[in-house]
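Residue numbers (full-length UniProt numbering): 1 to 130.
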């Protein structure tokens, strides 16, 4: 797997880099983009690609292993854990998105944006090419 396209880190975000990494890997597994047995970039490869300290990557990988998302193989690269053979249900993926949308809704209310304008913005963002 190409480490430069594995995850995208926002260095200006208040969310710590290791948390961004964890959430993105969990979302990719939930969507079925990463499946059981898929190898992930090594700590060194990903740290170099993202220009972050290797301990940051190691911390994220260890937490993902603790949560059962990744499996460590002695002497080999880590892989997506065996129980993640296919994408999670739509309902489960919606629940993963919910906290982000709740935060966005709270910010829209604080900015006193009309609902229609906030929804139109969300729709246009969804339609943008990744």
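C-beta: ideal position from N, C-alpha, C; glycine also.
Note that the structure is predicted; figures quoted are calculated from it, not measured.
### Task
List the endpoints of the continuous alpha helix (DSSP H) containing residue 93.
In the chain shown, counting from the first residue as 1, residue 93 sits at position 93. Per DSSP, residue 93 belongs to the alpha helix (DSSP H) from 90–110.
### Query
How big is the Cα-Cα spacing for residue 21 and residue 7?
Here residue 21 refers to the residue found at position 21 of the chain shown. Here residue 7 refers to the residue found at position 7 of the chain shown. If I take the Cα positions, the gap works out to 7 Å.
### Task
Give the single residue among 128, 28, 52 and 76 whose Cα lies nearest to the Cα of residue 87.
For the purposes of this step, residue 87 is identified with residue 87 of the chain shown, where counting begins at 1. Checking every option, the nearest Cα to that of residue 87 belongs to 28.
### Message
Excluding the 5 residues flanking residue 57 on each side, which residues of the same chain have their C-beta closer than 6 Å to its C-beta?
### Response
Translated into the one-based positions of the chain shown, residue 57 becomes position 57. Hits under 6 Å: 43, 46 and 47.
### Message
Which of the three DSSP states is assigned to residue 34 in this structure?
### Response
For the purposes of this step, residue 34 is taken as residue 34 along the chain shown, with counting starting at 1. Residue state, collapsed to three classes: coil.
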